[in-house]
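Undergrad: I'd like to ask some things about the structure below.
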Amino acid sequence: MTARERILAAIRDSLGPRRAAPQAVAAEAAALLENPQATRPRLAAPDLAEAFALKATALGTTIDHVPDMAGVPAALRRYLDAHGLPPALALQPAAELARLDWDGIATRPTLAPDEPVGLGLAVWGIAETGSLVIHSGPDNPILLAFLPLHHVMVLRRDHLLAHLEGYAAAMQGAAQPRNAILITGPSGTTDIEGSYVRGAHGPGFLHVILVGP
């Protein structure tokens, strides 16, 4: 064996097993698509709301439950009192939130750079990952999801989806937002020494008010 052949043989050996032919890869992908449910992870619980709550709380999100939208202001007040926060917040300028009774809670549509609390409305919730989906738009300034220290989100139980693919299916044929953001737990990071820093790149606290019977 020549030196050239030895070099080429060493390169081939380092590449590991031969890759499957493109036709074989395509056939395997087609087989998976025939039964997508077989490849989806099992939910944490049969009930979507329970599955969502289990995943979300495992990531540091806190959850409160109210039977209808009218209970949202009281749930927010409970959260503010529990954290020693004043009754004031930046409120997403959505009609569904604006029509609620905010008596005793000062709301404003604009955010300060050091905003303590912001409250918004989730478009969808993903039970598989405990994630929230929000869309930017005229009634949802996107900074509401990033600036406040405490991010409070209202999520309707009937807007819960089992898996992420459900969101893609729900958006087929719908108007596409400029930004779609998936929020999974409060912001945090760990430095090289393993020290956890809460709120490193966004809200340090995420609270979900789950609405529905």
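Per our numbering, the very first residue in the sequence shown carries number 302; after that it's consecutive. Glycine included, C-beta positions come from ideal geometry on N, C-alpha and C.
Just checking, does the stretch 475 to 489 make contact with the stretch 499 to 507 on the three C-beta pairs under 8 Å criterion?
TA: With the cut-off at 8 Å, the stretch 475 to 489 and the stretch 499 to 507 touch.
Undergrad: Please tell me whether, using a cut-off of 7 Å, the distance from the CB of PRO504 to the nearest non-hydrogen atom of the ligand NAP is below it.
TA: No copy of the ligand NAP appears in this structure; indeed no ligand is present at all.
Undergrad: So the candidates are PRO439, GLU429, GLU329; which of them puts its Cα closest to the Cα of PRO410?
TA: When only C-alpha atoms are compared, the closest one is PRO439.
Undergrad: Are the stretch 310 to 325 and the stretch 394 to 402 in contact at 8 Å, needing three or more beta carbon pairs?
TA: Touching, no, given that fewer than three Cβ pairs across the two stretches are closer than 8 Å.
Undergrad: Considering Cα atoms alone, identify which of LEU462, LEU349, ALA391 is closest to VAL424.
TA: Of the candidates LEU462, LEU349, ALA391, the one whose C-alpha sits nearest the C-alpha of VAL424 is LEU462.
Undergrad: What are the uninterrupted segments assigned as alpha helix (DSSP H) that are 4 or more residues long and contained completely in the stretch 407 to 478, given in chain order?
TA: 465 to 471, all fully within the stretch 407 to 478.
Undergrad: First and last residue of the alpha helix (DSSP H) that includes ARG378?
TA: Start and end: 373 to 383.
Undergrad: In chain order, what residues of the same chain have a beta carbon less than 8 Å from the beta carbon of PRO368, not counting five sequence neighbours either side?
TA: So the list reads VAL512, GLY513, PRO514, once near-sequence residues are dropped.
Undergrad: By the DSSP assignment, the beta strand (DSSP E) with ALA389 in it spans what residues?
TA: Unbroken beta strand (DSSP E) run through ALA389: 389 to 392.
Undergrad: Check whether the Cβ atoms of GLN393 and ASN336 sit closer than 8 Å, and answer yes or no.
TA: No, Cβ-Cβ distance for GLN393 and ASN336 is not below 8 Å.
Undergrad: Do you know whose CA, among ARG305, ALA350, ILE312, ALA304, lies nearest HIS464's CA?
TA: Checked all of ARG305, ALA350, ILE312, ALA304; the closest Cα to HIS464 is ALA350.
Undergrad: Pick helix, strand or coil for ARG320, following the three-state DSSP scheme.
TA: ARG320 falls in the coil class under three-state DSSP.
Undergrad: Between the stretch 365 to 383 and the stretch 473 to 480, do at least 3 Cβ pairs fall closer than 8 Å?
TA: With a cut-off of 8 Å, the stretch 473 to 480 and the stretch 365 to 383 do not count as touching, because too few Cβ pairs lie within range.
Undergrad: Looking at C-alpha atoms only, which residue of PRO417, THR430, ASP348, MET472 is the closest neighbour of GLY505?
TA: It is PRO417 whose Cα lies nearest to the Cα of GLY505.
Undergrad: Taking all protein chains shown into account, do 16 or more other C-beta atoms lie within 10 angstroms of the C-beta of LEU483, making it buried, or fewer, making it exposed?
TA: The residue is exposed, with fewer than 16 neighbouring Cβ atoms inside 10 Å.
Undergrad: Could you tell me if SER515 is buried or exposed, where buried requires 16 or more neighbouring beta carbons within 10 angstroms of its beta carbon?
TA: Residue numbering for the chain in the displayed model covers 302 to 514; residue 515 lies beyond these limits and cannot be assessed.
Undergrad: By the three-class DSSP mapping on this structure, what secondary structure does LEU360 have?
TA: If DSSP states are grouped into helix, strand and coil, LEU360 belongs with coil.
Undergrad: In chain order, what residues of the same chain lie with their CB nearer than 6 Å to the CB of HIS508, ignoring the 5 residues before and after it?
TA: Contacts found: THR363, TYR380, VAL453.
Undergrad: Near ALA310, which residues of its chain fall below 8 Å by C-beta distance, leaving aside the five closest residues on each side in sequence?
TA: Result list for ALA310: MET302, in chain order.
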